[in-house]
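K.L.:
Quick one: the structure is below, questions incoming.
2 protein chains.
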Amino acid sequence: MSKYETMLLQTVDMRGTVSVQELSRILGVSDQTIRRVSRPLVDRGALQKVHGALVSTKSAADLPYLARMNLNREAKVAIAGEVVKIIQDGDSIAIDTGSTSGFVAQALRNRRELTVVTNSAYVASTLAMIPGNNVSMAGTQLRDHDGASFDRSAFDVIERMQVDYVLLSASLVDARKGFLVHEQCEVDIASAMLANAGRAIMAVDHSKFEPQMRKPALRQPTLKPGDFLVTDRVPSVDFAELFSNLEIRVP
Amino acid sequence: MSKYETMLLQTVDMRGTVSVQELSRILGVSDQTIRRVSRPLVDRGALQKVHGALVSTKSAADLPYLARMNLNREAKVAIAGEVVKIIQDGDSIAIDTGSTSGFVAQALRNRRELTVVTNSAYVASTLAMIPGNNVSMAGTQLRDHDGASFDRSAFDVIERMQVDYVLLSASLVDARKGFLVHEQCEVDIASAMLANAGRAIMAVDHSKFEPQMRKPALRQPTLKPGDFLVTDRVPSVDFAELFSNLEIRVP
DNA sequence: ATAGTAATGTTGATTTTTGTTGAATTGCCA
DNA sequence: TGGCAATTCAACAAAAATCAACATTACTAT
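Line by line, the protein sequences are chains H and Z. Note that this note's numbering has the first sequence beginning at 1, numbered continuously upward. Note that this note's numbering has the second sequence beginning at 1001, numbered continuously upward.
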C-alpha cells in the first residue's frame, strides 16, 4: 500500500476524472509514478483508467434503465409514433412502466391538455413539464433501476382515476400463453389500470416475439375486444388467434 | 472510454441539446474529436446524434422548466458541485423543487446509496435510476411547469422521513427580509423538510441577490446556526448579519 | 559506513489520440 | 429541383501518453 494511494483515490473520486499529468503535479511526483501507483488500484477496481486520465468508478456513466431504453431504439420510436396517433389532445391516459413507455411519453409531448396517470417517475416528469397537462404520479417509493413505483398508494391513485386509454407493455409475447412479464407487481398495476380505462394499447416491439434469455412467466390481464396492439413488424400467423379480436397497428 | 466522456455527457444532459461546435469550444478540442468521442456514446445510447449537434436522450430541450434551468447555468453547475461536496455516500437528503435542485440531482449521480425524498418528479426520476439509491417521490398531482407536487400526501411522505440534509432554494435574498419565494406552498414544503432534517443547505446563485421583476414576498423558514449557504459569488457585506451564523461555501 | 532494497525519475521506442486537410454528404432555401 | 452553406467523414501527420528498461536516489539493517 503506497503512501500516495489515499490521496490519489480521494482526488479522483472528488473530481470524477483527473488527468495523469495533473495528478503528478498535485502529488508532486512524476507521471510515471502516478501510473505505477495507480496500476494496483485499477487492478482491484478502485479506479478506472482511460488514456490520459484516471476516472472514478463511482461516476455514473451508463445507467441500466437508459441502456435498456436504447435497445431496439428505432423500433420503439416507431411504435411510440404510432401510439401517439391514437391519442388526441385532451385525452386521458394511464401509462405503465417499461422502456417503450418512455418513448411514448417523449412522443406525447406533441399532445396538449392531457390527463396522465403513471407509476413511472420518468414518464411523470417528462409529461408534467408540458404546460396544460395534468399529471399524477402514482406511488411513493421508487424502484431503483427504472424509477417505477408499486406501492399501495400507487393503486389508490390509479383506482381513483377514470381514463380513456391505458398503455401497457410486456416482456415476452407467447402465442399460447399471451403477454408475459417478470414480476407480479407489474401485473397488478396493469390490472388496476385496465379496470378503470377505456381502450387498452399494448405496445411491444418485435424482439418481444422471440424467446428471451430470462423467461418471464406472469401473464398480463387479457385484453378486451377492440383493444389496440401496436408493434413494429407484422406479426407471424402463429399469433393470429391471440390477436384475433385486437386492432393491430404497425407503423 | 475517453477522458472527455463524463464531461460531454454532463454538458449535454444538462442542456438538452448542444452543438458540436459549442462542445468543441467548451472542452477545448476540435469538432472532429467531439464526433469521435461521442460515437461510442451514441452507439451505446447514452446520447443521440442529430446533424450538427448532440442531444440528450433524457430530456426535452425546449421546455419551460429546462429553459429556466439554463438561466445562469454555469453558476448553478458550480453551486451544485459545491453542494455535492457536503454530501457523502450513504447520506439521506430531502430536496425541494427549484432550478438549482435539478443540477444538484445531476451532480448527485456520483454519490452512492443515497436516501432521497423530494417533491420534484424531475429530481426523483434522475436519482431513482442510480442503482443502490432509495428514492421517495412526495406527492401525486404534479404542477405543470416544473413537475413539482404540493399535495397533502407530499407532506405525509416528507414528515415520515428523517434525513441528514435538506436542500432548499429561494427566489430572492433580501438583506432584511431573508430568503423569499413566490408561493406559500413552497414555504410549507420547506418547513416540513426542515422539521425532519439535520443540517440545511440553502443554494442560491448570485442573481438571487439582485431585485427581481416579479417580487417574491413569502419568507422561507429561518435557518439554524451551522446550516450551509452555498452560492457562486462572495456575498456583499450587506448580508453579513443575515448570514452571520451560517457556514458559507463558495466554489 | 555500506551494501542491499525499494521507490522514483529519465530516456527512447511504441501506441494512442488529436488536429488538419480535402472530398463527400446533408440540410436548407429559393 | 438545384445550388449553397454547413456538417460529416476518411486519411494522414503531429502531438501526447504509455511502457519497459535502466539510472538515480532514499532509506534500512547490518
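No residue lacks a Cβ here, since even glycine has one placed at the ideal position from N, Cα and C.
#1: For G1147/Z, would you say it is in contact with chain H, using Cβ-to-Cβ distances shorter than 8 Å as the test?
#2: Shorter than 8 Å from the beta carbon of N1196/Z to some beta carbon of chain H?
#3: So is T6/H buried or exposed if we call it buried at 16+ other beta carbons inside 10 Å?
#4: Report the CB separation of Y1165/Z from D1091/Z in whole angstroms; it is logged as a contact under 8 Å.
#5: If you draw a straight line from the C-alpha of C185/H to the C-alpha of T97/H, how long is it?
#6: I'd like the list of long-range same chain contacts for A121/H, defined as Cβ closer than 8 Å, with 5 residues on each side in sequence excluded.
#7: Is there a C-beta anywhere in chain Z that falls below 8 Å from the one on I95/H?
#8: Identify each residue in the region 1085 to 1117 of chain Z for which the Cβ-Cβ distance to at least one residue of chain H is less than 7 Å, and report them in chain order.
#9: Identify, in the order they occur along the chain, each residue of the same chain with its Cβ nearer than 8 Å to the Cβ of Q1106/Z, setting aside the five sequence neighbours on each side.
#10: Measure the beta-carbon distance from A175/H to M202/H and round it to whole angstroms, keeping in mind my assumption that it falls under 8 Å.
#11: Would you kindly work out how many angstroms separate the C-alpha atoms of L1008/Z and I189/H, rounded to a whole number?
#12: Count the other CB atoms, across all protein chains shown, that sit within 10 Å of the CB of P1253/Z; report buried if there are 16 or more and exposed otherwise.
#13: For the alpha helix (DSSP H) containing V1116/Z, name the first residue and the last one.
#14: What does a CB cutoff of less than 8 Å around Q48/H pick up in its chain, not counting 5 residues either side in sequence?
#15: Taking the alpha carbon of V250/H as the reference point, which residue from T17/H, D205/H, V135/H and M193/H has its own alpha carbon closest?
#16: Straight-line CA distance for K215/H to D232/H?
#17: Report the neighbours of G1132/Z on chain H: residues whose CB is nearer than 9 Å to its CB, in chain order.
#18: Can a CB atom of chain Z be found closer than 8 Å to the CB of V135/H?
#19: Would you report the Cα separation of M129/H and V123/H, rounded to the nearest angstrom?
#20: What separation, rounded to the nearest whole angstrom, lies between the Cα atoms of E210/H and S236/H?
#21: Compare the C-beta of V50/H against all C-beta atoms of chain Z and say whether one is closer than 8 Å.
#22: What are the boundary residues of the beta strand (DSSP E) that includes M1202/Z?
#23: Q88/H: which of I95/H, Q32/H and N110/H sits nearest, CA to CA?
#24: I need the straight-line Cα distance from T140/H to Q1032/Z, nearest angstrom please.
#25: By DSSP, does R1039/Z sit in helix, in strand, or in coil?
#26: Go to R160/H, then tell me how far its alpha helix (DSSP H) extends in each direction, as first and last residue.
#27: Who are the near neighbours of L108/H in its chain, counting only those whose CB is closer than 7 Å to its CB and skipping five residues on each side?
#28: Just checking: is the beta-carbon of Q1032/Z within a distance shorter than 8 Å of some beta-carbon in chain H?
#29: Within 8 Å (strictly less), CB to CB, does M193/H reach chain Z?
#30: Going by beta-carbon coordinates alone, are E159/H and A200/H separated by less than 8 Å?
#31: Roughly how many angstroms lie between the CA atoms of V20/H and R39/H, to the nearest whole one?
#32: Taking the CB atoms as reference points, tell me whether L1252/Z and G1178/Z lie closer together than 8 Å.
#33: Indicate whether at least one CB of chain H lies closer than 8 Å to the CB of S1038/Z.
#34: Cutting at 6 Å between CB atoms, please list the residues of its own chain near E22/H, excluding the five before and the five after it.
#35: Classify S1101/Z as buried or exposed, calling it buried when 16 or more other Cβ atoms lie within 10 Å of its own Cβ.
P.N.:
Quick look at the numbers:
#1: yes
#2: The beta carbon of N1196/Z sits no closer than 8 Å to any beta carbon of chain H.
#3: exposed
#4: 6 Å
#5: 11 Å
#6: M137, L142, G147, A148 and S149
#7: no
#8: R1109, N1110 and R1112
#9: Q1010, D1013, M1014, A1080 and T1126
#10: Contact flag wrong, Cβ pair sits at about 15 Å.
#11: 37 Å
#12: One cannot answer for residue 1253/Z here, as it falls past the ends of chain Z, which runs 1001 to 1251.
#13: That residue, V1116/Z, is in no alpha helix (DSSP H); its beta strand (DSSP E) goes T1115 to T1118.
#14: Result list for Q48/H: V42, L54, V55, S56 and T57, in chain order.
#15: D205/H
#16: 22 Å
#17: D144
#18: yes
#19: Each residue's alpha carbon lies about 10 Å from the other.
#20: Cα to Cα, the separation comes out at about 11 Å.
#21: yes
#22: A1197 to A1203
#23: N110/H
#24: T140/H and Q1032/Z: Cα-Cα distance of roughly 45 Å.
#25: helix
#26: R152 to R160
#27: V84, I87, L114 and L127
#28: no
#29: no
#30: no
#31: Cα-Cα distance, rounded: 12 Å.
#32: Outside the displayed range of chain Z (1001 to 1251) lies residue 1252/Z, so it cannot be described from this structure.
#33: no
#34: none
#35: buried
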